[in-house]
Every structure is written in C-alpha cells, then in structure tokens.
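Colleague:
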Amino acid sequence: MNDLLRQFMEKVSRRNNGEPEFLQAVTEVAESLIPFISEHPIYRDNKVLERVVEPERVIMFRVPWINDKGEVEVNRGFRIQMNSAIGPYKGGLRFHPSVNLSVLKFLAFEQVFKNSLTGLPMGGGKGGSDFDPKGRSDNEVMKFCQSFMTELYRHVGADIDIPAGDIGVGKREIGYLFGQYKRIKGEFSGVLTGKGFEWGCSLIRPEATGYGLVYFVEEILKIRGETIQGKRVTISGSGNVAQYAAEKCIAKGAKVVTMSDSDGFIYEPDGLDLERLQFLKELKEVRRGRISEYAAHFKCDYFKGERPWRIKCDIALPNATQNEVDGKDAKSLIENGCFCVAEGANMPCTPEAVAAFNKAQVSYAPGKAANAGGVAVSGLEMSQNSVRFSWSRDEVDNKLRDIMKQIHRICVKYGKEEDGHINYEKGANIGGFVKIAEAMLAQGVV
Ligand code: NDP
Ligand code: 2IT
C-alpha cells in the first residue's frame, strides 16, 4: 500500500469503524483510484473521492408488523442514498438476516460506479432490511412490505430514488411495496423497477442481470480468442441472477455443471439442460424450496454445506452473495484450469481471491461491470415508464447487449496493463469514477 492510499484508508476506517464490508469495497476502489487521482490533481484538490465515500444521506427506520400468530415483530429498515451526481438514486433492496449498515453501504458504494458504467443517468443507492422472507407466508411478507414502505415512501420517488430487487426481494415483494406506495401517495409512477409485466416492468428485466453477465463473458472470451460454446461453467446461487445466467449459458452451448443455495451445491457433470433448469426455477420461485430437493428429484450429486469452487471448470460465475470465493477457493479454481471469473453477485470474491486471479492472469470481471445489466435494464424500465411506452423483448435485449459491450470497452480502455493483461477491476473503477467526478466538479461543493 502506498502512503497516500494508507492515509486515505486510515481516515475512512476511523470514520466507518466496525463496517468491514464497506471498508473492503472502498479499499478495492481506492487501490485503483488513488494512483489515477494523483495524476489528476483537480480531483484531489476538490476532494472528490473523499466526498464519494461519504453517503449523501443514510435513512434508518423501525419496521414493526404483525405476524400470522398475531404477534408483534420489529425489523430494521435502511436506505442509503449514496450519490446523486449523475441522476436520481437507483439501486436494489435486500431482505436478508445478514443485512446491516456495513453491507448496505458497500452495496450502495458499488452501485454508484456500476450505474455510471451503464452510461444511463442514474445515481447510486441501496436499501433493505434484516427481515428474512424465508419461511414466511405471503400474508406476512405483505404485512412487512407495507410497513416498510409506510416509512420509505417519504424518501423515494420516480425522480428522487428508485429502488428495485436484490437478495430476497423479487416480483412478489416489489408488488406489495408498489401497492402500498401507490395507496399512500395516490399516484401511479415508476417509483420501483422490476415490477410485474402487467403493470410496468420492462421486458427482459428479470433476465437482465444473468443475460448481461453472459454477454460480458462473451466479450472477455472474444479478446482471448475463445467462445463460450462447450465451456464448463460453475455457477453459485440459484436465485434470479444464477437462473438466467444458467439459461443464457445453456442457450449458447456451454455446460453449467453446478448451482447452489445457502445449504449446499448440486453437481451435474454433463451440464444442466433447460428442462432441469425449469424445474429449478419453479422449485425456487414458486415452491420456495431448497436445492437439495433438486438433487433428490434428479438423483444427482449434492454437496451439503459446500461451495462449488473445487469443481473443474473453464469459467466460474459466483452469483450468490459477498465474499463467497476466498483465497483457497481461488487457488483451487486456478489449479483446475479456470481462466475466467465474472461476478454476477456483488463483491463475491475476497481481496485475496482477486489478487490470486490477477497474478495468474485469470480474466476477473468485478460485479460493478459484469452484473450491471440488471440495473441497466432498470434504467430502461424507468425511461419506458416516463414516456408510458414499452419496447419489445428484442429491442431491450439488443440495448442490453450494447450496454454490456460498451462497459467492456471502458474496462479495456482504463484497465489494459503494459503486458496486455486486462485488469477489469481497475478499468471499471476508473471508468465508473470519471463521469461521476466530472459531474461533481461541475455541480460545485455539494
Ligand atoms: P435471490 O434472492 O434471487 O437469490 C440469491 C441466491 O443466493 C439464492 O440461491 C440464495 O440461497 C443464495 N444466497 C443468498 N445469501 C447467501 C449466503 N449468505 N450464502 C450462500 N448463499 C446465499 O438474489 P439475486 O439472484 O437477485 O442476487 C444474487 C446476487 O446478485 C447478490 O449479490 C445481488 O446483490 C447480486 N445482484 C442482483 C441483481 C438483480 O437484478 N437481482 C443485479 C446485480 C447484482 P438461499 O435461497 O439459500 O438463500
Ligand atoms: O445490485 C444491483 O445492481 C441490483 N440489485 C439491481 C438494482 C436495480 O436498481 O435494478
């Protein structure tokens, strides 16, 4: 660590004591940006990075609600409005027991750079709650969502802050949240993205993160003179991102050999087919079951309590959660010949894993670049809602593909090293930063 970086991180650490995920995300970004900022004194003199790491606003609130037994439950709600230099705050809501200020601040911070990379006018935000939707009835989820929105509504709006889904928040939750917002405000607006198709969702939004991830991987492979066809792909997760990443991989002729949930992973040596994937989608989305039930149904291998990174693959797509690929996992991926790791999840690779990938010249694509397809199509949903119009599937899919290609070009522009290796992390950090920094300079000290 050079002196400037150490001084910067000491200050940020003091101010954000006890927030390990946030500090991890800031360190990763600062490592790329401090040398860049040293070469651009206008950013340094205007303390742009110092401002970017400070949320514009943090909202924390009580979410009381009554469960099916008539008992009072109390959760904590959050919305981090991180940066609005280039557009209204935009980013998902996460409902998971692990949610706390540190996790949401890291996600909001990453979102700022990601949204900038999409080229669309969206600032960055994130929110959520420590509420766990698992095992709750639809009625309980509705009660919780209504209480959550009864506070959140005063802080969000179609031109102010536009939440969407993330872990634990899908179409069902967005529906309940939207219904309550509409009822309180008396207006039908594009305040949330990822809605139902009947009431304002962009076509391709459910698929966008997973499809966009695979489009990004195809760009990486092009540079390496490869295609995705026939490649062995390990995927973690079995939620929204993982399902559609798997679907696109299968459509492109790749072999998806693993999927997982928080209990363990399934191993399909010959690759999942679309029929099995359909079973998994229904299991997860409709029946809200466990991936072990997939293994029992198809009699395939199931590894309880394990993550899939020791399985031989060409490409790994961590699509579940933060810090799910550590240094040891990275070593085993590299030893088994994996040459491309692209993050569908946010910050799934630890700093040790990222360092190992870069050292081994594995193409490593950070989430803020590789999973930006989801928020990009959210941005397209906002545009369609504003003009009360909708594009066709093909139109949205083509725009998504173009956006992922453009993000890839930005990463190459700022991330190509002297030896030809592309440091996607550096490219994404600098590429995402420049636009925000220029907007912040233009808008004065705010
Ligand atoms: P879902 O809730 O649909 O699915 C999450 C999946 O990850 C489930 O399989 C879940 O297993 C697993 N998982 C969640 N937490 C953990 C954990 N602590 N340990 C192990 N497995 C876990 O969420 P998404 O697919 O939407 O999100 C997945 C990742 O992608 C997140 O990092 C999210 O921030 C990121 N992302 C999502 C976007 C979107 O548009 N939805 C856009 C860009 C990034 P289980 O069912 O057991 O909980
Ligand atoms: O992490 C993310 O980019 C998301 N969860 C999607 C955010 C959005 O506003 O669509």
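All residue numbers for the sequence shown refer to the numbering used here, where the first residue is 909 and numbers rise by one.
Backbone N, C-alpha and C define an ideal beta-carbon position, used for all residues, glycine too.
Have a look at THR935, PHE1086, ASP1222 and flag the residue whose alpha-carbon is nearest the alpha-carbon of ILE1242.
Modeller: Within the sequence shown, numbered from 1, the residue matching residue 1242 stands at position 334. Among THR935, PHE1086, ASP1222, the Cα nearest to that of ILE1242 belongs to ASP1222.
Colleague: Could you give the uninterrupted runs of the beta strand (DSSP E) lying entirely in the segment 1273–1340, keeping only those of 3 residues or more?
Modeller: Taking only runs of at least 3 residues, no beta strand (DSSP E) segment lies wholly in the segment 1273–1340.
Colleague: Under a three-way DSSP split, which group does GLU981 fall into?
Modeller: Within the sequence shown, residue 981 is the residue found at index 73, counting from 1. Strand, per DSSP.
Colleague: Going by the C-beta, is THR1026 closer than 7 Å to any heavy atom of the ligand NDP?
Modeller: As a first step, residue 1026 is located in the sequence shown; it is residue number 118 there, counting from the start. THR1026: no, Cβ never under 7 Å from the ligand NDP.
Colleague: What residue from ARG1196, ASN991, PHE1086 has the CA that sits closest to CYS1053's CA?
Modeller: The residue you call residue 1053 lines up with position 145 of the sequence shown. Comparing alpha-carbon positions, the option among ARG1196, ASN991, PHE1086 lying closest to CYS1053 turns out to be PHE1086.
Colleague: For the alpha helix (DSSP H) that contains ILE1082, what are its first and last residues?
Modeller: In the sequence shown, counting from the first residue as 1, residue 1082 sits at position 174. Element bounds for ILE1082: 1079–1093.
Colleague: Please say whether GLU1059 and GLY985 have beta carbons closer to each other than 8 Å?
Modeller: In the sequence shown, residue 985 corresponds to position 77, counting from 1. In the sequence shown, residue 1059 corresponds to position 151, counting from 1. Yes. Within cutoff.
Colleague: Put SER1037 into one of helix, strand or coil per three-state DSSP.
Modeller: Your numbering for residue 1037 matches position 129 in the sequence shown. Three-state result, SER1037: strand.
Colleague: Any idea what DSSP makes of GLY1120, helix, strand or coil?
Modeller: As a position in the sequence shown, residue 1120 is number 212, starting the count at 1. Here GLY1120 sits in helix by DSSP.
Colleague: Which residues does DSSP pair with ASP1074 in a beta bridge?
Modeller: For this step, residue 1074 is matched to residue 166 along the sequence shown. Paired residue(s): VAL1077.
Colleague: Is any heavy atom of the ligand NDP found at a distance shorter than 7 Å from the C-beta of ILE1075?
Modeller: Along the sequence shown, one-based indexing puts residue 1075 at 167. Correct: ILE1075 has its Cβ closer than 7 Å to the ligand NDP.
Colleague: Looking only at its chain, what residues have a beta carbon closer than 7 Å to the beta carbon of TYR1061, apart from the 5 residues adjacent to it on each side?
Modeller: Residue mapping note: residue 1061 aligns to position 153 of the sequence shown, counting from 1. The answer, listed in chain order, is TYR1089, ILE1092, LYS1093.
Colleague: Out of ARG914, LEU1028, CYS1208, which one is the CA nearest neighbour of ASP1178?
Modeller: In the sequence shown, counting from the first residue as 1, residue 1178 sits at position 270. Closest option to ASP1178, Cα to Cα, is CYS1208.
Colleague: Determine the extent of the alpha helix (DSSP H) in which PHE1003 is found, giving its start and end residues.
Modeller: The residue given as residue 1003 occupies position 95 in the sequence shown. No alpha helix (DSSP H) holds PHE1003; the beta strand (DSSP E) holding it covers 997–1003.
Colleague: Tell me whether GLY999 counts as near the ligand 2IT, meaning its Cβ is closer than 7 Å to at least one heavy atom of that ligand.
Modeller: Taking the first residue of the sequence shown as position 1, residue 999 is located at position 91. Yes; taking the cut-off as 7 Å, the Cβ of GLY999 has a heavy atom of the ligand 2IT nearer than that.
Colleague: Only counting the same chain, and skipping five residues up and downstream in sequence, which positions put a Cβ closer than 7 Å to that of ARG1198?
Modeller: Residue mapping note: residue 1198 aligns to position 290 of the sequence shown, counting from 1. Hits under 7 Å: ASP1169, ASP1171.
Colleague: I need the DSSP call for GLY1102, collapsed to helix, strand or coil.
Modeller: Here residue 1102 is taken as the residue at index 194 of the sequence shown, counted from 1. Coil.
Colleague: Once DSSP output is grouped into helix, strand and coil, what is the label at VAL1011?
Modeller: Within the sequence shown, numbered from 1, the residue matching residue 1011 stands at position 103. VAL1011: helix per DSSP, three-state reduction.
Colleague: Whose C-alpha, out of VAL1099, ILE1338, GLY1328, ALA1280, is nearest the C-alpha of GLN1019?
Modeller: For the purposes of this step, residue 1019 is identified with residue 111 of the sequence shown, where counting begins at 1. Checked all of VAL1099, ILE1338, GLY1328, ALA1280; the closest Cα to GLN1019 is ALA1280.
Colleague: Output needed for LYS1013: all residues of its chain with C-beta closer than 7 Å, excluding positions within five of it in sequence on either side, in chain order.
Modeller: Mapped onto the sequence shown, residue 1013 falls at position 105. The answer, listed in chain order, is GLU927, PHE930, PRO963, ILE988.
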